[in-house]
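This report refers to the structure that appears directly beneath it.
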Amino acid sequence: MRHPQSLVFWKCMQCLIVSCFLPSAVWAGDPAIIGATQQQERFLTCVLHISDHDLRGTPNSNDRLTVVILEHQKFLEIRGAFHAHKTKLAFSSLLARRIYLSTRVVRDFETLLRCITHELGHFATQSVYEGNAELAADRLRKTARQRCPSEVQ
């Protein structure tokens, strides 16, 4: 018997592997969002576009930013591979320009808004420190509440 979650995970991993070997010029432009529903993708794309100005000029800013949503158990496995053991729901790889989110993040608007803007705050400040990321995230949250659709279920 095949497990649908395993198939989704495998497809996500294939996308990640392929993205590592293609030239960055192919990926420049709109962000890639993997594992999201249409509503979640619409919301995340909106928030990512709001952050464009803050991310311009940061290292690798010409490369595509990728958001990967993983079933929570798979998220924990990937988190371990990145040695991001303190995080519970989301983490970023600044070098790879990827944000990893657990499916638990996308259960409600407030949690998704808090996590995605916080992770974008790390990119905007190029800092691993949580306080710095939160300072940048606050402004993004205010704008996202005004401009982005809030129905993300």
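Position 143 of the sequence shown, counted from 1, bears residue number 127 in the numbering used here, the numbering being contiguous throughout. Here a beta-carbon is modelled for each residue, glycine too, at the ideal position from N, C-alpha and C.
Which residues does DSSP pair with residue i in a beta bridge?
i: A74; result: L85
i: L54; result: S86
i: A16; result: T50
Rounded to whole angstroms, how far is the Cβ of residue i from the Cβ of residue j, which I believe are closer than 8 Å?
i: E103; j: S76; result: 5 Å
i: V89; j: L73; result: 5 Å
i: V31; j: T101; result: 7 Å
Just mark residue i as buried or exposed, buried being the case when its beta carbon has 16 or more other beta carbons within 10 Å.
i: R129; result: exposed
i: K126; result: exposed
i: L124; result: buried
i: V51; result: buried
i: P15; result: buried
Taking residue i as part of the alpha helix (DSSP H), name the residues at either end of that continuous run.
i: A117; result: 114 to 131
i: A108; result: 93 to 109
Is it the case that the Cβ atoms of residue i and residue j are separated by a distance below 8 Å?
i: T87; j: E55; result: yes
i: L49; j: R81; result: yes
i: I62; j: A20; result: no
i: F27; j: C132; result: yes
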